[in-house]
Ligand SMILES: Nc1ncnc2c1ncn2[C@@H]1O[C@H](COP(=O)(O)OP(=O)(O)OP(=O)(O)O)[C@@H](O)[C@H]1O
Ligand SMILES: [Mg+2]
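Protein chains in written order, with the working numbering: chain A, 4 to 298; chain B, 80 to 584.
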């Protein structure tokens with residue numbers, strides 16, 4: 004992850020951005036922009052502070068604050084309805100926060116649209132895997148890759164040859180990911196035909212196609228059979244070591260996440276972060292046990 | 080009192096337990112079973128063989144791009160044969176019929192492709208195709224007849240205007256849910272139609288037009304005067320009873336020009352839309368159709384993607400509208416009548432197969448051809464009408480409903496006062512057509528949701544084969560089936576035992 008200042012407006016930008024989020028200048032064509040600085044690696048992958056969100060009179064998030072360091076795998080746990088998914092929705096820009104700030108790789112993403120945040124390098128999955136149902140698995144995987152030629156209508160019509168070559172490269176990449184997830188045999192199935200566990204894996208594959216720097220996974224193994232769930236977690240670790248990405252994982256089975264070798268855990272209850280720390284520290288914490296068992 | 084209840088319960092029992100049907104089935108089912116078994120024994124192997132051959136060649140059936148293509152061309156040829164074999168008085172009128180149907184088919188195909196881009200691919204439910212086509216028709220008509228602009232330039236300008244209107248329309252409507260968007264598009268179409276009726280400028284069109292009947296008159300298509308004066312020389316083989324005779328004639332019918340020009344335009348529009356929907360942009364559109372928020376979370380600027388497809392789709396519809404203005408030579412509010420436009424385009428869209436541009440052409444052809452047939456039927460009256468078997472059957476059914484059922488329920492005077500004696504009651508063919516189109520829409524939505532040519536799934540077998548080797552895309556089921564068969568082959572005695580066991584029971 005490299006960052007620099009936008010040549011036209013001075014706002015901080017990173018190398019995965021296609022255009023400057025504040026002024027819209029074209030960034031990816033200017034290689035001189037990306038001169039590595041020492042301070043860049045220090046920027047946190049994710050930093051959210053004091054997020055409040057109410058739906059009508061229902062106060063769902065009451066000042067959520069959490070952070071993810073680069074290359075870190077962080078768990079976010081809590082009982083049903085405590086606001087984990089809502090936190091994800093706020094981070095990824097799907098719903099606006101009432102107050103508070105979201106920073107992704109040091110860039111203020113509080114008021115950004117989802118696609119702009121995605122272009123910084125944040126990709127997320129959904130709890131209910133929102134795959135594009137009437138499209139094949141392979142086609143599902145070909146939507147997220149960034150900087151595709153044919154996203155512009157002019158290129159889609161005129162640059163047929165370049166498109167064909169790109170298509171081939173993308174399919175190759177998609178199959179390498181499908182192989183990695185061991186689901187390449189369902190590449191031609193409709194996404195609507197998949198089982199729950201397969202959907203989760205395809206969702207994971209889809210998110211990987213977008214070359215994320217920061218991965219937000221909403222219960223990636225819910226409904227996935229035990230051995231497969233372990234495999235998915237192993238894959239997440241493998242991805243971290245191979246690609247150096249940072250990961251924030253929601254999981255509501257506390258025992259499970261504590262055994263899965265995450266670096267840190269945030270525990271939420273009723274819209275607040277109760278405690279955070281290493282899995283060992285969490286195990287010892289009484290607050291957590293009360294949140295889960297008490298009352 | 081008691082008797083009534085028991086009667087009611089008996090009827091209820093009849094309906095709920097379906098006793099009549101049960102009895103009927105008891106008697107007939109062994110019969111059917113026998114027939115079924117015999118035919119299965121005789122034809123079954125051949126049928127299975129054919130089925131197997133078909134699916135090895137086209138693994139996705141109707142969703143296979145090659146088979147879809149074959150089906151398209153066969154059906155198109157069939158429809159063209161039906162068109163050419165339509166009865167008509169003489170060679171002159173037959174030519175006019177063929178050319179005008181093809182022109183109309185082109186116009187409706189282009190509108191259906193526009194609708195397909197909006198609704199089939201992007202999930203923007205658009206009931207106002209005629210609004211965008213209307214922009215093209217009114218724009219082209221006004222520019223030509225009121226300002227004397229060149230026809231080709233006027234259609235180009237109208238298309239640009241429609242693109243701008245469509246694009247800007249996304250600003251107020253982009254946050255609307257699909258059904259509310261649909262209502263907005265209906266309203267826009269009606270606004271334009273009413274404007275054609277009441278707006279003084281549109282109503283009179285030009286000074287030359289008749290103030291009494293609203294509309295824009297004197298719309299001349301490109302090269303129309305020249306064409307009607309000179310035309311082209313055509314060759315014709317004429318059957319003389321002894322053999323074929325070669326004859327030449329001068330084709331000055333403007334619909335000939337329009338149909339050729341229209342087919343070229345349609346080909347352009349088709350290629351353009353195919354390029355568009357089979358690109359990463361098109362994939363983003365399909366994603367928007369399936370789940371908009373998920374697409375936005377994967378870095379697609381949903382707003383502008385949607386705005387552009389709205390603009391492009393409305394531009395394409397306007398192209399059809401402009402062609403229509405050329406073909407009609409006159410634009411009045413009646414051409415925007417939903418029953419004669421939007422309704423038919425939707426029928427073509429659903430029948431042809433949504434999210435398949437070839438299906439749009441096929442659907443439009445079927446709808447326009449049947450529209451033409453009904454127009455022909457509507458002109459029949461008196462003895463001619465009596466001779467038409469189809470109309471006689473329809474009239475009989477209609478009389479049965481009105482006279483026998485209606486008369487029994489409400490009394491004889493109920494229909495005689497309004498419709499006259501039973502023998503004079505006839506179906507209005509125009510209404511019959513509209514109800515049949517409605518019926519087609521309902522039936523195909525219920526039973527035939529995918530249409531004749533369904534959407535072709537993205538399965539680039541060739542590229543994948545090259546990249547990964549053959550076995551990769553075989554579905555797990557296929558693989559396991561194969562393994563099962565292989566296992567069976569190696570263990571022959573076991574399978575024989577199974578067979579004898581099955582026979583005993
Ligand atoms: N769009 C919305 N409108 C109204 N209430 C909402 C909305 N989204 C979430 N909520 C409410 O916010 C609360 C937190 O929901 P959220 O989905 O964040 O829980 P969660 O922690 O993800 O739970 P789970 O473990 O079941 O996934 C719930 O009570 C839910 O009803
Ligand atoms: Mg949740």
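Positions of the beta carbon are idealized from the N, C-alpha and C atoms, including for glycine. As the structure is a computational prediction, the values presented were derived from the model and not from experiment.
### Residues whose Cβ lies closer than 5 Å to any heavy atom of ligand 1, in chain order
A:58, A:63, A:83, A:84, A:85, A:86, A:87, A:88, A:89, A:255
### Task
Less than 8 Å between the CB atoms is what I'm expecting for residue 10 (chain A) and residue 124 (chain A), so what's the real figure, rounded?
Stepping through the first chain from its first residue, residue 10 (chain A) is reached at position 7. Stepping through the first chain from its first residue, residue 124 (chain A) is reached at position 121. That belief does not hold up - the Cβ atoms of residue 10 (chain A) and residue 124 (chain A) are roughly 20 Å apart, past 8 Å.
### Message
DSSP has residue 328 (chain B) in a bridge; who is on the other side?
### Response
Translated into the one-based positions of the second chain, residue 328 (chain B) becomes position 249. For residue 328 (chain B), the pairing in a beta bridge is given by DSSP as B:313.
### Message
Given this structure, state the Cα-to-Cα distance separating residue 344 (chain B) from residue 88 (chain A), to the nearest angstrom.
### Response
Working through the second chain from its first residue, we reach residue 344 (chain B) at position 265. Working through the first chain from its first residue, we reach residue 88 (chain A) at position 85. The C-alpha of residue 344 (chain B) lies about 50 Å from the C-alpha of residue 88 (chain A).
### Message
Quick check on residue 142 (chain A) - is its C-beta less than 7 Å from some C-beta in chain B?
### Response
Here residue 142 (chain A) refers to the residue found at position 139 when the first chain is read from its first residue. Chain B contact via Cβ: present.
### Members of the region 347 to 366 of chain B that neighbour chain A once the beta carbon cut-off is set at 8 Å
351, 354, 355, 358, 359, 360, 361, 362, 363, 365, 366
### Query
Distance, Cα to Cα, residue 189 (chain B) vs residue 244 (chain B)?
Taking the second chain and counting its residues from 1, the one referred to as residue 189 (chain B) is at position 110. Taking the second chain and counting its residues from 1, the one referred to as residue 244 (chain B) is at position 165. Approximately 18 Å, taken between the alpha carbons.
### Message
For residue 200 (chain B), would you say it is in contact with chain A, using Cβ-to-Cβ distances shorter than 7 Å as the test?
### Response
Working through the second chain from its first residue, we reach residue 200 (chain B) at position 121. No, no contact with chain A.
### Query
Rounded to whole angstroms, how far is the Cβ of residue 222 (chain A) from the Cβ of residue 255 (chain A), which I believe are closer than 8 Å?
As a position in the first chain, residue 222 (chain A) is number 219, starting the count at 1. As a position in the first chain, residue 255 (chain A) is number 252, starting the count at 1. So it is a contact: roughly 7 Å between Cβ atoms.
### Query
Which residues share a DSSP beta bridge with residue 271 (chain A)?
To locate residue 271 (chain A), count along the first chain from 1; it is residue 268. According to DSSP, which records beta bridges pairwise, residue 271 (chain A) is partnered with A:276.
### Query
Would you say the beta carbon of residue 112 (chain B) comes nearer than 6 Å to a heavy atom of ligand 2?
Taking the first residue of the second chain as 1, we reach residue 112 (chain B) at position 33. No - ligand 2 has no heavy atom lying nearer than 6 Å to the Cβ of residue 112 (chain B).
### Message
When you compare the CB positions of residue 204 (chain A) and residue 180 (chain A), do they come within less than 7 Å of one another, or not?
### Response
Locating residue 204 (chain A) in the first chain gives position 201, where the first residue counts as 1. Locating residue 180 (chain A) in the first chain gives position 177, where the first residue counts as 1. No. Outside cutoff.
### Task
Quick one: list the residues of chain B neighbouring residue 147 (chain A), beta-carbon separation under 8 Å, in chain order.
By 1-based counting over the first chain, the position of residue 147 (chain A) is 144. Going along chain B in sequence order, the residues near residue 147 (chain A) (Cβ under 8 Å) are 377, 378.
#### Entry: Status (buried if at least 16 other CB within 10 Å, exposed otherwise) for residue 333 (chain B)
Translated into the one-based positions of the second chain, residue 333 (chain B) becomes position 254. Classification of residue 333 (chain B): buried, given that the 10 Å Cβ count is 16 or more.
### Task
Give the interface partners of residue 135 (chain B) over in chain A, defined as CB-CB distance under 9 Å, in chain order.
Residue mapping note: residue 135 (chain B) aligns to position 56 of the second chain, counting from 1. Per Cβ cutoff of 9 Å: no residues; residue 135 (chain B) is ~16 Å from chain A at best.
### Message
Using only the alpha-carbon positions, how far apart do residue 16 (chain A) and residue 258 (chain A) sit?
### Response
Indexing the first chain from 1 puts residue 16 (chain A) at position 13. Indexing the first chain from 1 puts residue 258 (chain A) at position 255. Rounded to whole angstroms, residue 16 (chain A) to residue 258 (chain A) spans 39 Å at the Cα level.
### Task
Let me know the secondary structure DSSP gives residue 281 (chain A) once reduced to three states.
Here residue 281 (chain A) corresponds to residue number 278 of the first chain, with the count starting at 1. Reduced to three states, the DSSP call for residue 281 (chain A) is coil.
### Task
Could you tell me if the beta carbon of residue 130 (chain A) falls within a distance shorter than 6 Å of some heavy atom in ligand 2?
Taking the first chain and counting its residues from 1, the one referred to as residue 130 (chain A) is at position 127. At least one heavy atom of ligand 2 falls within 6 Å of the beta-carbon of residue 130 (chain A).
### Task
My understanding is that residue 144 (chain A) touches residue 177 (chain A), with C-beta atoms under 8 Å, so please give their C-beta distance in whole angstroms.
On the first chain, position 141 is the one that residue 144 (chain A) refers to. On the first chain, position 174 is the one that residue 177 (chain A) refers to. Rounded, the Cβ-Cβ distance is 4 Å, consistent with contact.
### Message
For the alpha helix (DSSP H) containing residue 50 (chain A), name the first residue and the last one.
### Response
For this step, residue 50 (chain A) is matched to residue 47 along the first chain. Unbroken run through residue 50 (chain A) is the beta strand (DSSP E), 49 to 58; no alpha helix (DSSP H).
### Segments assigned alpha helix (DSSP H), at least 4 residues, entirely inside the region 157 to 204 of chain A
163 to 183
### Task
Note the first and the last residue of the continuous beta strand (DSSP E) segment covering residue 68 (chain A).
In the first chain, the residue the question calls residue 68 (chain A) occupies position 65. Element bounds for residue 68 (chain A): 61 to 71.
### is_contact[residue 91 (chain A), chain B] using C-beta, thresh 7 Å
Residue numbering aside, residue 91 (chain A) sits at position 88 when the first chain is read from its first letter. No, residue 91 (chain A) lies away from the interface with chain B (no Cβ there is under 7 Å from its Cβ).
### Message
Quick check: residue 537 (chain B) and residue 156 (chain A), are their CB atoms within less than 7 Å of each other?
### Response
Within the second chain, residue 537 (chain B) is the residue found at index 458, counting from 1. Within the first chain, residue 156 (chain A) is the residue found at index 153, counting from 1. Going by C-beta atoms, residue 537 (chain B) is not nearer than 7 Å to residue 156 (chain A).
### Task
Would you identify the three-state DSSP class for residue 139 (chain A), choosing helix, strand or coil?
The residue you call residue 139 (chain A) lines up with position 136 of the first chain. Residue 139 (chain A) sits in a strand when the DSSP states are folded into three classes.
### Query
Do you know offhand how far residue 430 (chain B)'s Cα is from residue 422 (chain B)'s?
For the purposes of this step, residue 430 (chain B) is identified with residue 351 of the second chain, where counting begins at 1. For the purposes of this step, residue 422 (chain B) is identified with residue 343 of the second chain, where counting begins at 1. Each residue's Cα considered, the two are about 12 Å apart.
### residue 79 (chain A): contacting residues in chain B (beta-carbon distance under 7 Å)
On the first chain, residue 79 (chain A) is found 76 positions in, with the first residue counted as 1. Simply none; closest approach about 18 Å.
### Task
Return the CA-CA distance between residue 165 (chain B) and residue 448 (chain B), expressed in angstroms with no decimal places.
As a working note, residue 165 (chain B) is residue 86 in the second chain. As a working note, residue 448 (chain B) is residue 369 in the second chain. Between residue 165 (chain B) and residue 448 (chain B), the C-alpha separation is close to 10 Å.
### Task
Return the chain-ordered ranges of every alpha helix (DSSP H) run that is complete within the region 234 to 308 of chain B and spans a minimum of 4 residues.
257 to 277, 279 to 283, 303 to 308
### Query
By Cβ distance below 8 Å, which residues in the same chain neighbour residue 139 (chain A) in space, the five residues on each side in sequence not counted?
The sequence position of residue 139 (chain A) within the first chain is 136, counting from 1. Closer than 8 Å at the Cβ level, and outside the excluded window around residue 139 (chain A), lie 190, 191, 192, 193, 194.
### Task
Kindly list, in the order they appear in chain A, the residues whose Cβ is closer than 9 Å to that of residue 546 (chain B).
The count along the second chain starts at 1 and reaches residue 546 (chain B) at position 467. Those are 171, 174, 175, 178, listed as they occur along chain A.
### Query
chain B beta carbons: is any one of them nearer than 7 Å to that of residue 11 (chain A)?
Position 8 of the first chain, counted from the start, is the residue given in the question as residue 11 (chain A). Closer than 7 Å: no.
### At least 3 beta-carbon pairs within less than 8 Å: the region 233 to 250 of chain A vs the region 392 to 401 of chain B
no
#### Entry: 7 Å CB neighbourhood of residue 374 (chain B) in its chain, flanking five on each side removed
In the second chain, the residue the question calls residue 374 (chain B) occupies position 295. 363, 366, 367, 381.
### Query
Can residue 48 (chain A) and residue 73 (chain A) be called in contact, C-beta distance under 7 Å?
On the first chain, residue 48 (chain A) is found 45 positions in, with the first residue counted as 1. On the first chain, residue 73 (chain A) is found 70 positions in, with the first residue counted as 1. A contact, by the Cβ cut-off of 7 Å.
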